[in-house]
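In full-length UniProt numbering, the protein residues as written are 1 to 466. Where a beta carbon is used, it is the ideal one built from N, C-alpha and C, also for glycine.
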């Protein structure tokens, strides 16, 4: 029986309330963290903007202070110049006043002398004197007004006349500072590169001799004290030394001579061994090649010299390699000796520890010895491979033709190749060029065609002659 469709499949699925609560709390936590991060970023951004504003404000204040300082310096220089001009103008006014007074006094005395007997001219002279004084006063006031300072400069001059604190000391300018700095640097440079005084070598030599004598005396005194402590006199010891030293020196001399002879014999044996090895190598190479490639002929002087030079170079390189091998072996022996000593110390300490231990020990197999043996065997195989490669290289170098022999060798090879090709074409294929396709190369094919054509031409000429 069919169940009617009630539309339940279109309803939303039921969700887990616990999962909803967890997801909601997680979302809230994430939102809180994001809000905290945004707040922190906003605070950092505001702090950065505040720092930038403070920096710009400080730079603006510094520029403003610098401009004010330059303006005050300029005003100070103007004040000094104006004061100088004022003092000069005041001096000129005084000089002009003295000149005018002198001229007026001269004219007045002359008038008095001319009108000595005239009583009516006395009042005119007084009026002229009064007019002259008024004229001088007006001229002085006019000159002072022309030489007067502006109001602000006058106030500054009354307050002190200087920039910093009115202490009467002017500030050093930039050019003066630069000049002083350059002068100080030049003096310091001259002081550094000033020639050093020449030492008294006689005094130094005397000090050296005195110190050496004192050191020798100290050493001798120590030796004498050691001899006294030993209980033997220096005379007895000296006699015993010289009596027993002769035989010891003779023995040392003999051993040194014997060692020298052994070294010479060893070097001669090594030289003979190398020579025999080279002879064997040359004989082997000559036997491996045929008589056609390397004919038996007397070598030229250049070849002999070249071979001798190559052999000398090879011997020198061999000596260098032997020396390096000996040094490597010596280093290896020293390393092995150090390893042996360390191993002995470790073994001794291990034995002591085992003796003091009451339990049982289980010895494990040490792989160090096997690894060293394997490494030593691989090293020996590598050396043998290098020696074999060296022999091959020397054989190849000995067989390499010289510049004068290369052309002859090439010509011989081409002649032999041509003769072999001609024999193959004539005897095997019987001049059938179609059978040679795919067997010979292009150059050999062309050469075969030329051979067949030349042979046919020779046969035709012989037939015509008959």
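Handout entry: When 201, 38, 404, 143 are compared against residue 302, the one with the closest alpha-carbon
Key = Of the candidates 201, 38, 404, 143, the one whose C-alpha sits nearest the C-alpha of residue 302 is 404.
Practice task
Please classify residue 416: does DSSP put it in a helix, a strand, or coil?
Solution key: helix
Handout entry: Three-way DSSP call (helix, strand, coil) for residue 390 in this model
Key = helix
Practice task
Work out the CA separation of residue 333 and residue 375 for me, nearest whole Å.
Solution key: 15 angstroms
Exercise for the section: Report the residue ranges of all alpha helix (DSSP H) runs contained in full by the region 30 to 68; include only those spanning at least 4 residues, in chain order. Expected result: Entirely contained in the region 30 to 68, not one alpha helix (DSSP H) run reaches 4 residues.
Handout entry: Three-state class that DSSP yields for residue 242 in the structure shown
Key = Only weak support is given to the placement of residue 242: the predicted model assigns it a pLDDT of 48, under 50, and the question is left unresolved by the model.
Exercise for the section: Jot down the residue ranges of each uninterrupted alpha helix (DSSP H) in the region 199 to 225, minimum 4 residues, whole runs only, in chain order. Expected result: With a minimum length of 4 residues, no continuous alpha helix (DSSP H) run stays inside the region 199 to 225.
Handout entry: Straight-line Cα distance separating residue 273 from residue 395
Key = Cα-Cα distance, rounded: 17 angstroms.
Practice task
Check the C-beta distance from residue 411 over to residue 448 and give it rounded, since I have them as a contact under 8 angstroms.
Solution key: Wrong, their Cβ atoms sit about 20 angstroms apart, outside the cutoff.
Exercise for the section: For the alpha helix (DSSP H) holding residue 425, just list the boundary residues, first then last. Expected result: That residue, residue 425, is in no alpha helix (DSSP H); it is neither H nor E in DSSP.
Practice task
Quick one: using the 10 Å Cβ neighbour count with 16 as the cut-off for buried, is residue 458 buried or exposed?
Solution key: exposed
Exercise for the section: Answer yes if the region 374 to 388 comes into contact with the region 261 to 275, meaning at least three C-beta pairs across the two stretches below 8 angstroms, and no otherwise. Expected result: With a cut-off of 8 angstroms, the region 374 to 388 and the region 261 to 275 do not count as touching, because too few Cβ pairs lie within range.
Problem - Helix, strand or coil at residue 84 [DSSP, three-state] - result: helix
Practice task
Drop a sphere of 10 angstroms on the beta-carbon of residue 200, count the other beta-carbons inside from all chains shown, and report buried for 16 or more, exposed for fewer.
Solution key: Exposed.
Practice task
Could you tell me which of 284, 81, 135 sits nearest to residue 392, measuring between CA atoms?
Solution key: 284
Practice task
Using only the heavy atoms of the ligand PLP, determine whether one of them is closer than 7 angstroms to the beta carbon of residue 256.
Solution key: As for the ligand PLP, it is missing from this structure, which has no ligand bound.
Problem - residue 451 and residue 422 closer than 8 angstroms at C-beta - result: yes
Handout entry: Complete alpha helix (DSSP H) runs within the region 268 to 323 (minimum length 4 residues, chain order)
Key = Whole alpha helix (DSSP H) segments, 4+ residues: zero.
Practice task
Quick one: residues in its chain with C-beta nearer than 7 angstroms to the C-beta of residue 316, no 5 flanking neighbours on either side, listed in chain order?
Solution key: none
Handout entry: Distance, residue 251 Cα to residue 258 Cα
Key = 11 angstroms
Exercise for the section: Tell whether a beta-carbon distance below 8 angstroms holds between residue 398 and residue 270. Expected result: no
Exercise for the section: Identify the continuous alpha helix (DSSP H) that holds residue 192 and give its terminal residues. Expected result: Residues 174 to 192.
Handout entry: Euclidean distance between Cα positions of residue 349 and residue 323
Key = Those two C-alpha atoms are separated by around 39 angstroms.
Exercise for the section: Report the three-state DSSP secondary structure of residue 403 (helix, strand or coil). Expected result: helix
Exercise for the section: Just confirm the distance between the C-beta atoms of residue 278 and residue 311, as a whole number of angstroms; I'd bet it's less than 8 angstroms. Expected result: 7 angstroms
Problem - Under the three-state DSSP convention, the category residue 440 falls into - result: coil
Exercise for the section: Specify the secondary structure class of residue 357 as computed by DSSP and reduced to three states. Expected result: coil
Practice task
Check whether the Cβ atoms of residue 286 and residue 402 lie closer than 8 angstroms to each other.
Solution key: In this structure, residue 402 does not lie closer than 8 angstroms to residue 286 by Cβ.
Practice task
Pull up the distance between the alpha-carbon of residue 139 and that of residue 124, whole angstroms please.
Solution key: Cα to Cα, residue 139 sits roughly 22 angstroms from residue 124.
Handout entry: Status (buried if at least 16 other CB within 10 Å, exposed otherwise) for residue 79
Key = buried
Exercise for the section: Work out the CA separation of residue 134 and residue 111 for me, nearest whole Å. Expected result: In this prediction, residue 111 scores a pLDDT of 47, lower than 50, which makes its location untrustworthy; the coordinate-derived value is nonetheless stated afterwards. Taking the straight line from one Cα to the other gives about 19 angstroms.
Exercise for the section: Let me know the secondary structure DSSP gives residue 138 once reduced to three states. Expected result: helix
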